[in-house]
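Engineer: Those letters in the sequence shown? Residues 42 to 287, by the working numbering.
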Amino acid sequence: MITDIFERQEKKYMLSSGQYASLLPYIKAHCVPDEYPESDVCSIYYDTDDMRLIRASIDKPAYKEKLRIRAYEIPGPETMVFVEIKKKVCGMVYKRRVMMKYSDAVGYLEYGLAAPKPCQITREIDYLKKFYGNLKPAMFVSYHRLSFVDRNDNRLRVTFDDKILCRETDLSLDKGIWGKPLTDDGVKLMEIKTVECMPPWLSAALDKCCIYPGSFSKYGTAYTDTLSENTKEKEKVKIKGEIHCA
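#1: Taking the DSSP output, what are the residues bridged to Gly-255?
#2: Ile-46 to Arg-198, Cα distance in whole Å?
#3: Can you round the beta-carbon distance between Thr-120 and Lys-142 to whole angstroms, since I take them to be within the 8 Å contact cut?
#4: Quick one, which of Lys-136, Ile-126, Tyr-260 and Asp-266 has its alpha-carbon nearest Glu-48's?
#5: Does the region 71-89 come close enough to the region 211-221 that 3 or more CB-CB pairs lie under 8 Å?
#6: Buried or exposed: which applies to Cys-207, given that a residue is buried once 16 or more other Cβ atoms fall within 10 Å of its Cβ?
#7: How many angstroms separate the CA atom of Ile-233 from the CA atom of Ala-103?
#8: With a Cβ-Cβ cutoff of 8 Å, do Asp-75 and Phe-201 count as a contact?
#9: Say whether the region 252-270 touches the region 174-182, bearing in mind that this needs 3 or more beta-carbon pairs closer than 8 Å, one atom from each stretch.
#10: With a CB to CB cut of under 8 Å and the five nearest residues on each side skipped, what residues in its chain are close to Pro-157?
#11: In three-state terms, what does DSSP make of Glu-232?
#12: Given a cut-off of 8 Å on the beta-carbon distance, is the pair Glu-125 and Arg-138 in contact?
#13: Would Lys-53 pass as a contact of Leu-268 if the rule is Cβ separation under 8 Å?
#14: Give me, in chain order, the residues of the same chain whose beta-carbon lies closer than 8 Å to that of Arg-196; leave out the 5 immediate sequence neighbours on both sides.
#15: From Ala-70 to Tyr-87, what distance separates their C-alpha atoms?
#16: How would you call Tyr-253, buried or exposed, if buried means at least 16 neighbouring beta carbons within 10 angstroms?
#17: Does the count of Cβ pairs from the region 244-253 and the region 54-65 closer than 8 Å reach three?
Rendered as C-alpha coordinates:
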(Lines of atoms letter the chains of each structure in order from A and count residues from 1; the text may use other names and numbers.)
(Lines give C-alpha, C1' and ligand atoms only; values in the text may rest on other atoms or scores of the structure.)
Protein backbone atom coordinates (compact mmCIF):
# COMPACT_ATOMS: atom_id res chain seq x y z
CA MET A 1 0.00 0.00 0.00
CA ILE A 2 1.35 3.41 -0.98
CA THR A 3 0.77 6.32 1.39
CA ASP A 4 1.56 9.98 0.83
CA ILE A 5 1.68 12.98 3.13
CA PHE A 6 1.83 16.55 1.82
CA GLU A 7 2.26 19.81 3.71
CA ARG A 8 2.30 22.95 1.57
CA GLN A 9 0.80 26.30 0.67
CA GLU A 10 -1.61 26.45 -2.24
CA LYS A 11 -2.58 29.66 -4.02
CA LYS A 12 -5.27 29.77 -6.70
CA TYR A 13 -5.73 32.07 -9.68
CA MET A 14 -8.48 32.22 -12.30
CA LEU A 15 -6.91 32.92 -15.68
CA SER A 16 -8.50 34.14 -18.88
CA SER A 17 -7.24 32.63 -22.12
CA GLY A 18 -5.15 35.77 -22.67
CA GLN A 19 -3.56 35.64 -19.23
CA TYR A 20 -2.75 31.95 -19.68
CA ALA A 21 -1.10 32.62 -23.04
CA SER A 22 0.97 35.44 -21.52
CA LEU A 23 2.09 33.43 -18.48
CA LEU A 24 2.88 30.11 -20.16
CA PRO A 25 6.23 31.18 -21.67
CA TYR A 26 7.50 32.11 -18.18
CA ILE A 27 6.36 28.75 -16.82
CA LYS A 28 8.06 26.82 -19.63
CA ALA A 29 11.26 28.84 -19.18
CA HIS A 30 11.61 27.86 -15.52
CA CYS A 31 9.67 24.60 -15.22
CA VAL A 32 9.50 21.19 -16.82
CA PRO A 33 6.48 18.91 -17.22
CA ASP A 34 5.68 16.96 -14.07
CA GLU A 35 6.09 13.19 -13.88
CA TYR A 36 2.43 13.00 -14.94
CA PRO A 37 2.22 16.10 -17.16
CA GLU A 38 -1.38 15.70 -18.34
CA SER A 39 -4.27 13.92 -16.68
CA ASP A 40 -8.02 13.78 -16.18
CA VAL A 41 -8.57 14.06 -12.44
CA CYS A 42 -11.80 12.53 -11.12
CA SER A 43 -12.99 12.74 -7.53
CA ILE A 44 -15.97 11.67 -5.44
CA TYR A 45 -16.42 13.82 -2.32
CA TYR A 46 -18.04 12.29 0.75
CA ASP A 47 -20.28 14.24 3.09
CA THR A 48 -23.14 13.94 5.54
CA ASP A 49 -26.84 14.06 4.61
CA ASP A 50 -26.91 17.77 5.49
CA MET A 51 -23.58 18.46 3.68
CA ARG A 52 -21.88 19.38 6.92
CA LEU A 53 -18.30 19.27 5.64
CA ILE A 54 -18.76 21.50 2.64
CA ARG A 55 -21.09 23.92 4.43
CA ALA A 56 -18.41 24.39 7.07
CA SER A 57 -15.71 24.74 4.40
CA ILE A 58 -17.38 27.56 2.46
CA ASP A 59 -17.64 29.60 5.66
CA LYS A 60 -13.82 29.91 5.41
CA PRO A 61 -12.95 28.75 8.93
CA ALA A 62 -9.40 28.49 10.26
CA TYR A 63 -9.72 24.70 10.02
CA LYS A 64 -11.57 22.64 7.43
CA GLU A 65 -11.37 19.14 6.01
CA LYS A 66 -12.64 17.01 3.12
CA LEU A 67 -12.76 13.29 2.35
CA ARG A 68 -12.63 11.94 -1.20
CA ILE A 69 -11.68 9.15 -3.57
CA ARG A 70 -9.46 10.37 -6.38
CA ALA A 71 -8.47 8.70 -9.65
CA TYR A 72 -6.46 9.86 -12.64
CA GLU A 73 -8.49 7.86 -15.15
CA ILE A 74 -11.91 6.24 -15.30
CA PRO A 75 -11.28 3.30 -12.96
CA GLY A 76 -12.26 -0.34 -13.12
CA PRO A 77 -12.54 -2.52 -9.99
CA GLU A 78 -8.80 -3.28 -9.98
CA THR A 79 -7.60 0.25 -10.78
CA MET A 80 -5.49 1.83 -8.05
CA VAL A 81 -7.01 5.02 -6.64
CA PHE A 82 -6.35 7.32 -3.69
CA VAL A 83 -8.50 7.73 -0.60
CA GLU A 84 -7.62 11.19 0.71
CA ILE A 85 -8.15 13.48 3.64
CA LYS A 86 -7.45 17.10 2.75
CA LYS A 87 -7.19 19.61 5.59
CA LYS A 88 -6.50 23.33 5.62
CA VAL A 89 -5.26 24.91 8.83
CA CYS A 90 -4.63 28.66 8.94
CA GLY A 91 -3.76 28.73 5.26
CA MET A 92 -1.53 25.63 5.25
CA VAL A 93 -2.77 22.59 3.31
CA TYR A 94 -2.24 19.07 4.62
CA LYS A 95 -3.09 16.12 2.39
CA ARG A 96 -2.91 12.54 3.62
CA ARG A 97 -3.73 9.76 1.22
CA VAL A 98 -3.53 6.01 0.85
CA MET A 99 -3.65 3.98 -2.37
CA MET A 100 -5.92 0.97 -2.82
CA LYS A 101 -8.00 -0.77 -5.48
CA TYR A 102 -11.13 1.12 -6.50
CA SER A 103 -13.39 -1.75 -5.43
CA ASP A 104 -11.68 -1.79 -2.01
CA ALA A 105 -12.00 2.00 -1.68
CA VAL A 106 -15.76 1.88 -2.35
CA GLY A 107 -16.21 -1.00 0.08
CA TYR A 108 -14.17 0.82 2.70
CA LEU A 109 -15.94 4.19 2.47
CA GLU A 110 -19.48 3.14 1.53
CA TYR A 111 -20.11 -0.34 2.92
CA GLY A 112 -18.28 -0.31 6.22
CA LEU A 113 -15.58 -2.78 5.20
CA ALA A 114 -12.18 -2.59 6.86
CA ALA A 115 -9.28 -0.98 5.03
CA PRO A 116 -7.43 -3.68 3.06
CA LYS A 117 -4.14 -2.76 4.75
CA PRO A 118 -4.64 -0.68 7.92
CA CYS A 119 -2.10 2.05 8.61
CA GLN A 120 -1.90 5.41 10.38
CA ILE A 121 -3.74 7.21 7.56
CA THR A 122 -6.60 4.68 7.44
CA ARG A 123 -6.94 5.05 11.22
CA GLU A 124 -7.33 8.80 10.69
CA ILE A 125 -9.95 8.13 8.01
CA ASP A 126 -11.72 5.71 10.36
CA TYR A 127 -11.88 8.45 12.99
CA LEU A 128 -13.27 10.91 10.45
CA LYS A 129 -15.98 8.42 9.42
CA LYS A 130 -16.91 7.78 13.06
CA PHE A 131 -16.88 11.47 14.00
CA TYR A 132 -19.21 12.60 11.21
CA GLY A 133 -21.22 9.41 10.88
CA ASN A 134 -22.98 8.15 7.75
CA LEU A 135 -20.64 9.76 5.25
CA LYS A 136 -21.75 9.01 1.71
CA PRO A 137 -20.97 10.09 -1.89
CA ALA A 138 -22.09 13.70 -2.27
CA MET A 139 -20.50 15.17 -5.41
CA PHE A 140 -18.50 14.12 -8.47
CA VAL A 141 -15.89 16.62 -9.69
CA SER A 142 -13.55 16.20 -12.65
CA TYR A 143 -11.14 18.37 -14.62
CA HIS A 144 -8.35 18.22 -17.17
CA ARG A 145 -4.96 19.13 -15.67
CA LEU A 146 -1.57 20.22 -17.01
CA SER A 147 1.22 19.96 -14.41
CA PHE A 148 4.65 21.56 -14.22
CA VAL A 149 7.44 21.43 -11.66
CA ASP A 150 10.25 23.97 -11.12
CA ARG A 151 13.40 22.64 -12.81
CA ASN A 152 15.51 23.75 -9.80
CA ASP A 153 13.12 22.94 -6.95
CA ASN A 154 10.66 20.07 -7.29
CA ARG A 155 8.78 21.30 -4.22
CA LEU A 156 7.23 23.98 -6.44
CA ARG A 157 4.41 22.74 -8.68
CA VAL A 158 2.21 24.77 -11.00
CA THR A 159 -0.98 23.22 -12.37
CA PHE A 160 -3.59 24.44 -14.83
CA ASP A 161 -7.10 22.99 -14.67
CA ASP A 162 -9.91 23.41 -17.20
CA LYS A 163 -13.04 21.52 -18.27
CA ILE A 164 -14.11 21.49 -14.62
CA LEU A 165 -17.32 19.46 -14.33
CA CYS A 166 -19.57 18.35 -11.49
CA ARG A 167 -22.64 16.19 -10.94
CA GLU A 168 -24.69 15.04 -7.95
CA THR A 169 -26.08 11.89 -9.58
CA ASP A 170 -24.38 8.64 -10.67
CA LEU A 171 -21.82 9.17 -7.93
CA SER A 172 -19.32 6.53 -8.98
CA LEU A 173 -16.00 7.15 -10.67
CA ASP A 174 -16.61 4.29 -13.10
CA LYS A 175 -19.65 6.13 -14.55
CA GLY A 176 -17.35 8.26 -16.69
CA ILE A 177 -16.49 11.94 -17.06
CA TRP A 178 -19.57 14.09 -17.59
CA GLY A 179 -21.49 16.76 -15.72
CA LYS A 180 -22.25 20.45 -15.48
CA PRO A 181 -19.44 22.92 -16.32
CA LEU A 182 -18.27 25.06 -13.40
CA THR A 183 -16.19 27.53 -15.46
CA ASP A 184 -16.55 29.24 -18.82
CA ASP A 185 -14.75 27.99 -21.91
CA GLY A 186 -11.15 29.18 -22.05
CA VAL A 187 -10.89 29.86 -18.33
CA LYS A 188 -8.18 27.99 -16.44
CA LEU A 189 -7.72 27.54 -12.72
CA MET A 190 -4.03 27.82 -11.86
CA GLU A 191 -2.72 26.46 -8.56
CA ILE A 192 0.74 27.26 -7.25
CA LYS A 193 1.85 24.71 -4.67
CA THR A 194 4.96 25.36 -2.66
CA VAL A 195 6.53 24.54 0.68
CA GLU A 196 8.35 27.85 0.97
CA CYS A 197 7.91 31.32 -0.48
CA MET A 198 7.14 31.80 -4.14
CA PRO A 199 10.36 32.25 -6.18
CA PRO A 200 11.12 35.77 -7.46
CA TRP A 201 10.79 34.78 -11.13
CA LEU A 202 7.23 33.58 -10.59
CA SER A 203 6.20 36.63 -8.56
CA ALA A 204 7.58 38.88 -11.30
CA ALA A 205 5.79 36.89 -14.02
CA LEU A 206 2.45 37.15 -12.23
CA ASP A 207 2.96 40.88 -11.83
CA LYS A 208 3.82 41.39 -15.51
CA CYS A 209 0.77 39.40 -16.60
CA CYS A 210 -1.53 41.21 -14.12
CA ILE A 211 -2.53 37.94 -12.47
CA TYR A 212 -3.80 38.08 -8.88
CA PRO A 213 -4.80 35.37 -6.40
CA GLY A 214 -8.43 34.49 -5.81
CA SER A 215 -10.53 31.89 -4.08
CA PHE A 216 -12.10 28.95 -5.87
CA SER A 217 -13.10 25.61 -4.37
CA LYS A 218 -14.24 23.05 -6.92
CA TYR A 219 -16.41 21.15 -4.45
CA GLY A 220 -17.61 24.37 -2.82
CA THR A 221 -18.57 25.93 -6.16
CA ALA A 222 -20.30 22.71 -7.23
CA TYR A 223 -22.29 22.70 -4.00
CA THR A 224 -23.35 26.36 -4.13
CA ASP A 225 -24.24 26.16 -7.85
CA THR A 226 -26.31 23.03 -7.27
CA LEU A 227 -28.00 24.57 -4.24
CA SER A 228 -28.85 27.68 -6.27
CA GLU A 229 -30.29 25.60 -9.13
CA ASN A 230 -32.37 23.50 -6.75
CA THR A 231 -33.75 26.66 -5.15
CA LYS A 232 -34.68 28.06 -8.57
CA GLU A 233 -36.43 24.81 -9.50
CA LYS A 234 -38.44 24.88 -6.28
CA GLU A 235 -39.47 28.47 -7.00
CA LYS A 236 -40.59 27.49 -10.52
CA VAL A 237 -42.70 24.66 -9.12
CA LYS A 238 -44.19 27.02 -6.53
CA ILE A 239 -45.06 29.64 -9.16
CA LYS A 240 -46.59 27.05 -11.48
CA GLY A 241 -48.67 25.77 -8.59
CA GLU A 242 -49.90 29.26 -7.75
CA ILE A 243 -50.84 29.92 -11.39
CA HIS A 244 -52.66 26.61 -11.60
CA CYS A 245 -54.60 27.32 -8.42
CA ALA A 246 -55.54 30.79 -9.68
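Beta carbons are placed, not taken as given, at the ideal position from N, Cα and C, and that holds for glycine. No experiment lies behind these values; they were computed from the predicted model shown.
Structural biologist: Reading off the structure:
#1: Answer is Lys-53, bridged to Gly-255.
#2: Approximately 16 Å between the Cα atoms of the pair.
#3: Cβ atoms of Thr-120 and Lys-142 come within 8 Å of each other, at about 7 Å.
#4: Nearest option by C-alpha distance: Lys-136.
#5: A contact is defined here as three or more CB-CB pairs under 8 Å, and the region 211-221 meets this definition with respect to the region 71-89.
#6: The residue in question, Cys-207, is buried, as its Cβ has 16 or more Cβ neighbours within 10 Å.
#7: One C-alpha to the other measures close to 20 Å.
#8: No, the pair does not count as a contact, with Cβ atoms beyond the cut-off.
#9: Yes: at least three Cβ pairs fall under 8 Å.
#10: Same-chain partners within the cutoff: Met-42, Met-141, Lys-142, Asp-145 and Tyr-149.
#11: Strand, per DSSP.
#12: A distance below 8 Å separates the beta carbons of Glu-125 and Arg-138.
#13: For Lys-53 and Leu-268, no; Cβs fall outside 8 Å.
#14: Contacts found: Arg-49, Thr-235, Val-236 and Glu-237.
#15: Each residue's Cα considered, the two are about 39 Å apart.
#16: Residue environment analysis places Tyr-253 among the exposed positions, since fewer than 16 neighbouring C-beta atoms fall within 10 angstroms of its C-beta.
#17: With the rule of 3 Cβ pairs closer than 8 Å, the region 244-253 counts as touching the region 54-65.
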